[in-house]
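**Q**
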Amino acid sequence: MSPLSLIGLLGLISAIIQIKYPELILKLRPLGVRSVEAVKLGGYLGLVISPLIILFDILY
238 MSPLSLIGLL
248 GLISAIIQIK
258 YPELILKLRP
268 LGVRSVEAVK
278 LGGYLGLVIS
288 PLIILFDILY
């Protein structure tokens, strides 16, 4: 596996954790994040972008 695939895989795992357990992420007190909805939105964004990174790495 190349480093780009590993980054995509870690991003995918992080996005799933953000969607499933947003309260856990808020306990870490990330800067600028103040609501559960914001954490879930970031998870959905990561869920879209991470497979694209993996796909890009596989195709090129």
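Sequential numbering of the sequence shown, starting at 238, is according to the working numbering. Glycine included, C-beta positions come from ideal geometry on N, C-alpha and C. None of these values were measured; they are calculated from a predicted model.
1) Where does I295 land, buried or exposed, given buried means 16+ other C-beta within 10 angstroms?
2) Below 8 Å, can you find three or more Cβ-Cβ pairs linking the segment 244 to 256 to the segment 279 to 288?
3) If you draw a straight line from the alpha carbon of R266 to that of I244, how long is it in whole angstroms?
4) Apply the 10 Å Cβ neighbour rule to P240 and answer buried if 16 or more other Cβ atoms are within range, or exposed otherwise.
5) Can you have a look at I291 and say buried or exposed, based on whether 16 or more other CB atoms are within 10 angstroms of its CB?
**A** Reading from the atomic positions:
1) exposed
2) yes
3) 23 Å
4) exposed
5) buried
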